[in-house]
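K.L.:
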Ligand SMILES: Cc1cc2nc3c(=O)[nH]c(=O)nc-3n(C[C@H](O)[C@H](O)[C@H](O)COP(=O)(O)O)c2cc1C
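In the numbering used here, the protein residues as written are 3 to 170.
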C-alpha cells in the first residue's frame with residue numbers, strides 16, 4: 003500500500019525503461035516519454051497517470067483508458083472517507099474495481115484523521131494500490147467538512163492527519 007499526497011503534475015521522474023510496444027497507442031510506441039517508475043513500494047509500468055476527474059474517472063472510463071494502453075496508474079474520483087466507511091452506495095460505486103483495473107489509486111477526502119485512516123485501511127484490504135488525499139477541491143460540499151482545499155488553510159491539522167494516516 004502506498005500512502006501519498008498526489009499532485010497530478012508531480013510525475014516527471016525518470017525510472018527504468020519499459021517495453022510498452024505491445025500495449026500502447028501507436029503515437030506512444032517506442033516513445034521516450036514512457037518509463038517505468040517507482041513510488042515507495044509500488045512499481046508502475048509507466049509514468050503516465052490518469053488524474054482524478056470527478057464525474058468521469060469511474061470504472062468504465064478507467065477500463066477504456068487502460069485498454070488504449072500506456073497508463074501507469076489510474077485514480078478514482080474523490081471519495082468521501084466517511085461515506086465509504088458507512089458503505090454508502092455512491093462511495094462503493096466510486097471505488098468499484100476489478101483485476102483489469104490495476105494498479106488503482108483511490109482519492110479520499112475528509113478531515114477526521116481516524117476516518118481517513120480507517121477508509122485507507124479498508125481500501126488496502128480490497129487490494130487498492132495507492133490512496134491519496136484530496137487537498138485541492140474548492141467545492142462547498144467538500145470544503146464545508148474541512149476537506150479538499152480547506153485542508154490548506156489548517157496546515158498543522160493537515161500535517162497531523164497525514165502523520166496519523168501513514169503511521170501503522
Ligand atoms: C471535471 C473535473 C473534475 C476534477 N476532479 C478532480 C478530483 O476529483 N480530484 C482532484 O484531485 N482533481 C480533480 N480535478 C483536477 C484534475 O485532476 C487536474 O489536476 C486538472 O484538471 C489539471 O490538469 P492538467 O494539469 O492536465 O491541466 C478535476 C478536474 C476537472 C476538470
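Just so it is clear, CB atoms sit at the ideal spot from N, CA and C, and this is done for glycine as well.
Is residue 53 near residue 37, with beta carbons less than 8 Å apart?
P.N.:
As a working mapping, residue 53 is identified with position 51 in the chain shown. As a working mapping, residue 37 is identified with position 35 in the chain shown. Contact: no.
K.L.:
Closer than 7 Å: is that where the CB of residue 140 sits relative to any heavy atom of ligand 1?
P.N.:
By one-based count along the chain shown, residue 140 stands at place 138. No, since every heavy atom of ligand 1 falls outside the 7 Å radius drawn around the Cβ of residue 140.
K.L.:
Thinking just about the alpha-carbon of each residue, which of 103, 161, 140 and 165 is nearest to the one in residue 59?
P.N.:
What you label residue 59 is simply residue 57 of the chain shown in a count that begins at 1. Considering only alpha carbons, the answer is 103.
K.L.:
What's the call for residue 141, buried or exposed, on a 16-neighbour Cβ count within 10 Å?
P.N.:
For the purposes of this step, residue 141 is taken as residue 139 along the chain shown, with counting starting at 1. Exposed is the call here.
K.L.:
State the CB to CB distance for the pair residue 139 and residue 111, rounded to an integer number of angstroms; the pair is presumed to be in contact (CB under 8 Å).
P.N.:
Taking the chain shown and counting its residues from 1, the one referred to as residue 139 is at position 137. Taking the chain shown and counting its residues from 1, the one referred to as residue 111 is at position 109. Confirmed, Cβ separation roughly 7 Å.
K.L.:
Around the Cβ of residue 167, are there at least 16 other Cβ atoms within 10 angstroms (buried) or fewer (exposed)?
P.N.:
Position 165 of the chain shown holds residue 167. By the neighbour-count rule (16 or more Cβ atoms within 10 Å), residue 167 is buried.
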